[in-house]
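Chains as they are written, first to last, in the numbering used here: chain A, 1065 to 1713; chain B, 98 to 440. Virtual Cβ for every residue (Gly too), placed ideally from N, Cα, C. A short worksheet on the structure shown next.
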Amino acid sequence: MNIKILDSWLREFVTTKATPKQIAEKLSLASVSVERIEQRGTDFVYDIEVTTNRPDLMSLVGLARETTAVLTENGIHATFIPPKLSQPKTANTVEITIKNDPKLVNRVLAVVMEVSVKDSPKEIKERLESTDIRSLNNLIDVTNYVMRVIGHPTHVFDYDRLDTKTLTIRESKKGEEITTLDKKTYKLPGGDIVAVNDKGHIVDLLAVMGLENSVVTNDTKHILFFIDNCDPNRIRKTSMNLAIRSEAAVINEKAIDPQLAHDGLLYGIELFEKIADGKVISHITDIYPNKVKTKPITVSEEKIKSVIGVPIPLHKAKDMLEDLGFTVEKQTDKLTVTPPSFRASDMEIPEDIIEEIARIYGYHNIPNVIPPITSGVINHTHNEFFWEDRVKDAMKYWGYNEVYTYPMVSENLYEGPLADAVAIQNPLSEDMVYMRRTLVPSLLQVIHKNKNADKIKIFEIANIYEKRHNNLPDERLIFAGVIKKPKNSFYEIKGLIEQLLNDLGINNLEFKQLERGGDGASIFIGKEYLGDIEILDRETINFELEFSVILQHVTAKKIYKPMSKYPSLIEDLAMLAPASTSTGELMDEIKKQSDLIREVSLLDKYEETRTFHVVYQSYQKNLTSEDVTPIREKILNVLKEKFNARLKE
Amino acid sequence: MQEDLLKLKNNALSLIIEAGSGRELEEIRLEFLGKNGELTQLLKNLPNIAIEDRPEAGRLANEVKQIIEDTLKQKEGEVGKSKSEKAINIDVTEPGMRPSLGHLHLVTQAVREITEIFERIGFSRVRYPEVEWDWYAFTSLNFPDNHPARDDWETFFIDQKPDPKKGPVVLTPHTSSGQVREMEKKILPIKMLNIAKCYRRQSDVSHSPMFHQFEGLVVGENISIMHLKGTLDYFVKSYFGKDRVARIRPYHFQFTEPSFEVDISCGVCLGKGCKLCKEGWLEMGGAGMVHPNVLKHGGIDSNKYTGFAFGWGVERVLMMKEGIEIDDLRLLYSNDLDFLKQF
């Protein structure tokens, strides 16, 4: 959350000679991030980001205290000037009773005042507007001004419009209707904190927004000034469910200090007196069932050093903490620290205290040292990431483009029975409901999106997700690709996979008819299923392989085989065989016929003729045609017998 | 005649030796052996010499011709192909025939660079589930039950019965869900680099519901803020360049104490302050000292060991580095080839 404040306003609570630029820089390094300084005439506006654990800094008082501590540690003189608060004179002209529910509200403060509505003085208007709050009238302006200075949201009712002797705080029921002061009507989800009057009408949605039926108007004569410190979780729920993100709600949901509520009341009364002719006409109600508890935390000098890396003298640490409002007791080798009430919810363990010391000491004063240890886990050079990179590189240099598609897919893109799908309970849109079980549909979507390109080669390596009973889904890496081009060829994709896996040390691939039917092939490494090549149409072919299976078989092991000293003898055999004969089987059969056959490849295929390139080589001698002739005879005989194939004349 | 032949041979040979190109050699061939070449001219005088000397002159003429041809051939071999050279006609401005070249996705490129940097200083890359128990994603990381990150408008939940111990199943909203898993390996010291897909229920120009983070976790004895700063500084200088600086400032996260926000100096204005940055700084992401509760949940004695962690967006550092001002982050995952091929 961000807060904008005027430099001159900040200086009402801190005296220093530091320039706005210095203040911004030092605060950013040691406290809150000043994201921007903007010049406004002779003044400056700081735009500050406050983290959710420091709602106390959503105020001038809080920021002034921090500024003082931070500047002091940086050697720039600064003095914190807290607002002077005094007990107002009360009266008993009117009576109002607040009935609280301690489950809902930690503290309620209320007072009735006589006022006159008018415009706020120029200075107040300007200060509010510089902090992005619209000035409405002096009554509303006081509530906002108090919120900014003290840090606790406050509210003001038109006392006469409340028309009640008692204000009862209770939980809302589901479906109850309210109209907020901006005239929008909501049905409450139930469990919200509301206040009702004697007639049972809801007159306030506590800590979130005032209601139309009780808000001050131009005719308001009496107000009920009301400060409520509520259960932050309920406030967040209400605010998010109704989508009312008022500044009050945003601050109230962060667990702010009930102590501040009291400061806010006194500061507010004084302001009403000053700019709204205010006069207290009731006693002050202060119901405070859930008191803040702060417990002392002990932190040793040694622990401070072990977390920060450099030693900080305890007396120095004590000074820093005291500047921040902590109570500190110093022993020889440790500090016992009690946090102020406005830090109670944020301070639990020694590390919390060390953070305060370290940041005020200045993170930039801590040296940069690379940790002098190595991981206990030592990755093999050829780990899964190595192989993934190798595959990606090969694909890149063979002309493929890598894509990243969303793992969440629509019902349309999901393959398989939906009942088995890993489904998202709260999807962002219908396009992203299921965790995918296959990659190809997403890739085809990419092809479709780029339909103007006549040639596309894409791939992706990403997880798929398979549901498992009472367990996390099985997440497995899949390597998939799609090639779309005119005159596409199955053999090109097959060759790609063969060559790629060959580079990974895998040579025992088997291609079989596509198991689930359709045109294409199922691929195995030995007996293990690796994946499929699928021909979708004349132009489009895809493949999808289990990367985890590839990983089980990859090897970077190099085996040296001595080279033959003797030259090889090469022979091309043009064989006529029925077209249905499997080329792979023919080649296997040829290879089997002699140990002297080093290599068999397919040179050419035309109609019924297949030309095989056969390489003979011996480690013992120079082969002559006398050596090769009997082998060739054997080949021709076997091929004739088994496949009815013959040598083409 | 014999003398003339020898002179011719010597002339030819000396010219051949000096020749520097196939074209010159071709000219020499024509000059000496061509139809109207010197040797032909000389042989025209053959009828004019004594008849008994003619066989010897003929033999010598053949020998000379042979020597010149052999020498020419040898020299041609030295200077390159000669005969075809005349036919070579290249236009050096014509586009070359390039082998096909694809492109790795920008995120892959960034992940590689990041990995390389951290591996140089002893980190080991790991991978953990993307679909994860609440325990690893939130509870073990010290997130209270009512923390806003657990709201179903922030985090994706899987439609599955919660585990009695590990709670509901979520899509990991950050790579920090690998912290306690890494600690459970029981191998110390830890120097982990976890890079993975993350998911948050947000989609606008600066948020994609799926994005990538890289997470560092270091746990050992006496690991302090000093070491976090050292690691950070090493990364920033390696990845962004020597002229960029990093700083840490106070922040708040559930799973670290103290917590930091890490800024790097703006690459556009170099820290002076401009429209793109915040007073000269750009936010890179969160970091902090591992919260003792998280160490405890990972089975590590927080009295003996300390640690630090950081988790930053891959897309974020990528954009901060390249200065590629992509006006919609989701463009990275729209897979328009015209976009992908630019990188």
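For residue i, the three-state DSSP class (helix, strand or coil)
i: His324 (chain B); result: helix
i: Asn1293 (chain A); result: strand
i: Ser179 (chain B); result: Reliability of the predicted coordinates at Ser179 (chain B) is poor, the pLDDT of 48 falling under 50, and the value obtained from them is presented with this limitation in mind. Looking at Ser179 (chain B) - three-state DSSP - the assignment turns out to be coil, as it is neither helix nor strand.
i: Val1467 (chain A); result: coil
i: Gly1426 (chain A); result: coil
i: Arg156 (chain B); result: helix
i: Glu1610 (chain A); result: strand
i: Glu1494 (chain A); result: coil
i: Phe352 (chain B); result: coil
i: Lys375 (chain B); result: strand
i: Thr1079 (chain A); result: strand
i: Arg346 (chain B); result: strand
i: Val1134 (chain A); result: helix
i: Gly1480 (chain A); result: coil
i: Gln1681 (chain A); result: coil
i: Gly1373 (chain A); result: coil
i: Tyr1209 (chain A); result: helix
i: Leu1711 (chain A); result: strand
i: Ile1242 (chain A); result: strand
i: Pro1072 (chain A); result: First, the amino acid is wrong: residue 1072 (chain A) is Ser here, not Pro. Three-state DSSP puts Ser1072 (chain A) in a helix.
i: Val1356 (chain A); result: coil
Identified DSSP bridge partners for residue i
i: Cys295 (chain B); result: B:Phe308
i: Leu143 (chain B); result: Note: Leu143 (chain B) sits in no beta bridge, so no partner.
i: Trp409 (chain B); result: B:Phe311, B:Gly382
i: Ala1259 (chain A); result: A:Ile1233, A:Asp1268
i: Val1546 (chain A); result: A:Ile1522, A:Asn1606
i: Phe1108 (chain A); result: A:Gln1103
i: Ile1488 (chain A); result: B:Ile255
i: Asn1066 (chain A); result: A:Glu1113
i: Thr1281 (chain A); result: DSSP output for Thr1281 (chain A) lists no bridge partner at all.
i: Gln1577 (chain A); result: A:Ala1585
Contacts that residue i makes with chain A (C-beta to C-beta distance below 9 Å)
i: Asp249 (chain B); result: Gln1489, Asn1490
i: Asp301 (chain B); result: What Asp301 (chain B) touches in chain A: nothing, since even the nearest Cβ is about 11 Å away.
i: Pro286 (chain B); result: Pro1435, Ile1437, Thr1438, Ser1439, Gly1440
i: Thr403 (chain B); result: Ser1370, Val1371
i: Ser197 (chain B); result: Tyr1461, Trp1462, Gly1463, Tyr1464, Lys1521
Residue i: contacting residues in chain A (beta-carbon distance under 7 Å)
i: Ser321 (chain B); result: Ser1370, Val1371, Ile1372, Gly1373
i: Thr205 (chain B); result: Lys1456, Glu1466
i: Thr328 (chain B); result: Ile1434, Pro1435
Proximal residues of chain B, C-beta to C-beta of residue i below 8 Å
i: Asn1293 (chain A); result: Within chain B, no residue comes near Asn1293 (chain A); the closest Cβ sits about 17 Å away, beyond 8 Å.
i: Glu1603 (chain A); result: Here the premise fails: no neighbours, minimum Cβ distance about 16 Å.
i: Glu1099 (chain A); result: Lys375, Glu376
i: Asp1453 (chain A); result: Arg209
i: Ala1312 (chain A); result: Chain B residues near Ala1312 (chain A): none, gap ~17 Å exceeds 8 Å.
i: Pro1481 (chain A); result: Here the premise fails: no neighbours, minimum Cβ distance about 15 Å.
i: Lys1513 (chain A); result: Ser431, Asn432, Asp433
Within chain B, partners of residue i - CB distance below 7 Å
i: Asn1117 (chain A); result: His349
i: Tyr1470 (chain A); result: Met307, Tyr430
i: His1428 (chain A); result: Arg344
i: Val1510 (chain A); result: Asn432
i: Trp1073 (chain A); result: Those do not exist, as Trp1073 (chain A) stays about 20 Å from chain B at its closest Cβ, beyond 7 Å.
Partners in chain B for residue i, counting only beta-carbon separations shorter than 9 Å
i: Arg1300 (chain A); result: Asn243, Pro245, Asp248
Heavy atom of the ligand NAD within 7 Å of residue i beta-carbon
i: Thr1228 (chain A); result: No copy of the ligand NAD occurs in the structure displayed, which carries no ligand at all.
Contact the segment 329–345 of chain B vs the segment 287–297 of chain B: 3+ CB pairs below 8 Å = Too few Cβ pairs lie closer than 8 Å, so no.
For the segment 169–237 of chain B, list the alpha helix (DSSP H) runs that are entirely contained and at least 4 residues long, ordered along the chain.
-> 203–217, 231–234
What are the uninterrupted segments assigned as beta strand (DSSP E) that are 3 or more residues long and contained completely in the segment 238–302 of chain B, given in chain order?
-> 266–268, 287–296
Is the segment 1137–1146 of chain A touching the segment 1306–1323 of chain A in the sense that three or more CB pairs, one from each, lie closer than 8 Å?
-> Judged by pairs of C-beta atoms under 8 Å, the segment 1306–1323 of chain A does not touch the segment 1137–1146 of chain A, as fewer than three such pairs exist.
Sufficient close CB pairs (3 or more, under 8 Å) joining the segment 1361–1380 of chain A to the segment 321–328 of chain B | yes
With a cut-off of 8 Å, do at least 3 Cβ pairs link the segment 1196–1212 of chain A to the segment 1168–1185 of chain A?
-> yes
Taking 8 Å as the threshold, find out whether the segment 1228–1239 of chain A comes into contact with the segment 1098–1111 of chain A through three or more Cβ pairs.
-> no
Check whether the segment 1337–1355 of chain A touches the segment 1165–1179 of chain A, counting contact only when three or more Cβ pairs, one atom from each stretch, lie closer than 8 Å.
-> Enough Cβ pairs lie closer than 8 Å, so yes.
Can you find at least 3 beta carbon pairs, one from the segment 267–275 of chain B and one from the segment 224–234 of chain B, that sit closer than 8 Å?
-> yes
Evaluate the contact criterion for the segment 357–372 of chain B versus the segment 205–212 of chain B: three or more CB pairs, one atom per stretch, below 8 Å.
-> no
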